[in-house]
Amino acid sequence: MAVTPASASLESLDLDPAFALHRGGKLEVRSTIPVRNADDLSLAYTPGVAKVCSAIAESPELARDYTWVSNVVAVVSDGTAVLGLGDIGPSAAMPVMEGKALLFKEFAGVDAVPLCIDCTDVDAIVETVARLAPSFGGINLEDISAPRCFEVEDRLRALLDIPVFHDDQHGTAIVVLAALKNAARLTGRPLSALRAVVAGAGASGVAVTRMLLNAGIGDIAVSDSKGMIYSGRSGLNPYKEALAADTNRSGFTGSTAAALEGADVFVGLSGSTVPEEAIASMAPDSIVFALSNPDPEVHPAVAARYARVVATGRSDFPNQINNVLAFPGVFKGALDVRATTITENMKVAAASALADVVGEGLSEDYVIPSPFDPRVAPAVIAAVSAQARLDGVARL
Numbered sequence: 001m002a003v004t005p006a007s008a009s010l011e012s013l014d015l016d017p018a019f020a021l022h023r024g025g026k027l028e029v030r031s032t033i034p035v036r037n038a039d040d041l042s043l044a045y046t047p048g049v050a051k052v053c054s055a056i057a058e059s060p061e062l063a064r065d066y067t068w069v070s071n072v073v074a075v076v077s078d079g080t081a082v083l084g085l086g087d088i089g090p091s092a093a094m095p096v097m098e099g100k101a102l103l104f105k106e107f108a109g110v111d112a113v114p115l116c117i118d119c120t121d122v123d124a125i126v127e128t129v130a131r132l133a134p135s136f137g138g139i140n141l142e143d144i145s146a147p148r149c150f151e152v153e154d155r156l157r158a159l160l161d162i163p164v165f166h167d168d169q170h171g172t173a174i175v176v177l178a179a180l181k182n183a184a185r186l187t188g189r190p191l192s193a194l195r196a197v198v199a200g201a202g203a204s205g206v207a208v209t210r211m212l213l214n215a216g217i218g219d220i221a222v223s224d225s226k227g228m229i230y231s232g233r234s235g236l237n238p239y240k241e242a243l244a245a246d247t248n249r250s251g252f253t254g255s256t257a258a259a260l261e262g263a264d265v266f267v268g269l270s271g272s273t274v275p276e277e278a279i280a281s282m283a284p285d286s287i288v289f290a291l292s293n294p295d296p297e298v299h300p301a302v303a304a305r306y307a308r309v310v311a312t313g314r315s316d317f318p319n320q321i322n323n324v325l326a327f328p329g330v331f332k333g334a335l336d337v338r339a340t341t342i343t344e345n346m347k348v349a350a351a352s353a354l355a356d357v358v359g360e361g362l363s364e365d366y367v368i369p370s371p372f373d374p375r376v377a378p379a380v381i382a383a384v385s386a387q388a389r390l391d392g393v394a395r396l
C-alpha cells in the first residue's frame, strides 16, 4: 500500500483520481419535500410537525410510517478490520462506510448512514448502537474484527427488534453459497456429494462454513493460521471450538494444503497463499474460490489449470464473489416487510434467488451474476420478503 506523506498538498492529492472522487465525501442529505413558502415550512417543521410527534408518542410504531426509519440503515464500524487494511481506526474507515452507504442506495434504493464509532470494547459498541437504533430500520455491522464481531452481532440481535446483519459474515456467505450451488450444478453434483476446505476462520470464514453446513455440504474442514481446526486442538477460542465440533469429519490435523488432496471445493478467505501443487491434488472437476483481495490465495490462471470453476473477489476476473450482490437486496427485502430480524432461512432464500438469476446461461465463467445485472436486486428482495413472511418475522 502506498503511503501518502502527511505534508502532501490537497492539490497534489487531487491529481490522483481516487482522491479527486472522494473530495468532499461521496454522500449528501437531500429533502424529499419542497420548502417554498411559509405554509410549507409550517407543515414540515413547527407547528405542523408537533401533530406527528404527538401521534408517534402515543403509537411508537407510527415512526415507521411518518419518518424515514422504514427505509434507512446504519452502517456501523469501529475501523478494526477494514478491507485488507486491518485496524486503521474509525476516521480512516469512513470512506469505506460512505461507499457502503452509496451501494445501498444505488443497488436497492435504501438510504444508509455511515457511523464510524470511536470504541472497540464489545460492551461499548453494543450500548452505542442500541442507543442509536430508534433512528434506523436496520443495522449493518461492517469491518469489526473477529472474534468480537460475533458477540456484537449476537447481543444486538437479542436486544433489538430490527434487522442486524454483519455483512462481512453473512453477505459473503450468501454469495459463496449461490456461486457454489451453480458450480455444483455445472459439474453435475449435489452439495451433499462435495468435500470442502475453507482457509480462514475469521468473520467470513466462520459464516461461510456455517451456511454451507446448513445447506447440506457433504463435509467441510476449516483452517486458520495454525493449521486445520479440529476438536481437541489447543488454543481455540469458543467460536472455533464450536466450529471444530461441527466440521472436519475426516479428522485433518495438518496443513490446508494436505487437506486439499482429493477435496472438491476450496474457499479461500485467509489472505494466505496456497501452493499450485495443492490445487493440482484436488479431485477432478474441482471448484476453487480464492477470495482474498487484492491477492487471491492462488492466482486464477494457475487455479484454472486444474479446477473446473474458479472464482475470486476481484472484478477483473470472471465469477466475482461480491457482497454487493447480497446486502442491498437482503436489507430492502427485510425493510419492505418491516422484519424484526434476518433469519437463516432468509439468507438461504437470498442465495437461491441469486443463483437462479444465472439460469440457463450457466458456464465455467458464469456461476454468479454481475452486480450490474438489473435482475439481481429484485430477485433477492422478493425472496427475502417472502421468506420473512413464511418465518413469521414480517410485520407487513
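In UniProt numbering, the protein residues as written are 1 to 396. Cβ atoms here follow ideal geometry from the backbone N, Cα and C, with glycine treated the same way. Everything numeric in this text was worked out from a predicted model, so none of it was measured.
Identify which residue in the options has its Cα closest to the Cα of residue i.
| i | options | result |
| --- | --- | --- |
| serine 70 | Gly137, Ala179, Arg308, Leu194 | Gly137 |
| valine 376 | Leu396, Val324, Met211 | Val324 |
| residue 401 | Val152, Leu390, Gly171 | Any property of residue 401 remains undetermined from this structure, which presents the chain solely from 1 to 396. |
| alanine 179 | Ala339, Asn322, Lys26, Cys149 | Asn322 |
| threonine 128 | Leu160, Val110, Lys100 | Leu160 |
| serine 231 | Leu213, Phe252, Asp14, Asp16 | Phe252 |
| isoleucine 368 | Ala133, Pro34, Val176 | Val176 |
| alanine 245 | Ala259, Ala146, Ile174, Ile229 | Ile229 |
| glycine 271 | Leu21, Phe289, Thr67, Asp39 | Phe289 |
| valine 384 | Phe107, Gly361, Ile342, Leu269 | Ile342 |
| glutamate 142 | Ala350, Gly216, Ser225, Glu98 | Glu98 |
| threonine 172 | Ala351, Asp373, Asp356 | Ala351 |
| threonine 278 | Asn293, Ala303, Val122 | A small fix is needed here, since residue 278 is alanine in this sequence, not threonine. Out of Asn293, Ala303, Val122, Ala303 has the C-alpha closest to the C-alpha of alanine 278. |
| aspartate 22 | Cys53, Leu102, Ala55 | The amino acid at residue 22 is misidentified as aspartate; the sequence shows histidine. Nearest of Cys53, Leu102, Ala55 to histidine 22, Cα basis: Leu102. |
On the criterion of 16 or more Cβ atoms from any shown chain inside 10 Å, does residue i qualify as buried, or is it exposed?
| i | result |
| --- | --- |
| serine 204 | buried |
| tyrosine 45 | exposed |
| valine 3 | Caution applies to valine 3, whose pLDDT of 43 falls short of 50 and renders its modelled position unreliable; the value that the coordinates give is listed next. Classification of valine 3: exposed, given that the 10 Å Cβ count is below 16. |
| proline 190 | exposed |
| glutamate 297 | buried |
| serine 286 | buried |
| threonine 32 | exposed |
| glycine 359 | exposed |
| methionine 1 | Unreliable positioning characterises methionine 1 in this predicted model, as indicated by a pLDDT of 41, which lies under 50. The coordinate reading is nonetheless provided below. With fewer than 16 Cβ atoms within 10 Å of its Cβ, methionine 1 is classed as exposed. |
| glutamate 11 | exposed |
| glycine 84 | exposed |
| aspartate 316 | exposed |
| glutamate 365 | The identity of residue 365 in the sequence shown is aspartate, whereas the question assumes glutamate. That one is exposed. |
| proline 34 | exposed |
| cysteine 119 | exposed |
Can you check whether the CB of residue j is closer than 8 Å to the CB of residue i?
| i | j | result |
| --- | --- | --- |
| alanine 394 | alanine 388 | yes |
| glycine 79 | cysteine 116 | yes |
| aspartate 264 | arginine 185 | no |
| valine 72 | alanine 130 | no |
| valine 206 | leucine 236 | no |
| glycine 313 | glutamine 320 | yes |
| valine 267 | valine 348 | no |
| glycine 200 | leucine 260 | no |
| lysine 105 | proline 114 | no |
| arginine 338 | leucine 396 | yes |
| proline 300 | valine 309 | no |
Bridge partners for residue i per DSSP, in chain order?
| i | result |
| --- | --- |
| serine 363 | Tyr366 |
| serine 77 | Cys116 |
| aspartate 224 | Gly227 |
| aspartate 219 | Arg195 |
| valine 72 | Asp111 |
| glycine 86 | Val82 |
**Contiguous beta strand (DSSP E) assignments of at least 3 residues, all confined to the segment 126-205** = Taking only runs of at least 3 residues, the beta strand (DSSP E) segments lying wholly in the segment 126-205 are 138-141, 164-166, 195-199.
**Request:** Jot down the residue ranges of each uninterrupted alpha helix (DSSP H) in the segment 238-289, minimum 4 residues, whole runs only, in chain order.
**Result:** Complete alpha helix (DSSP H) runs here, min 4: 238-246, 256-260, 276-280.
**Prompt:** Fully enclosed by the segment 293-359, which beta strand (DSSP E) runs are 3 residues long or longer?
**Reply:** Entirely contained in the segment 293-359, the beta strand (DSSP E) runs reaching 3 residues are, in chain order, 309-312.
**Message:** Threshold first: 4 residues or longer. Then list the alpha helix (DSSP H) segments lying entirely within the segment 90-119, N to C.
**Reply:** Listed in chain order, the alpha helix (DSSP H) runs fully inside the segment 90-119 amount to none, counting runs of at least 4 residues.
**4-residue-minimum alpha helix (DSSP H) runs that sit fully inside the segment 12-84, ordered along the chain** = Correct list: 17-22, 38-44, 48-58, 63-66.
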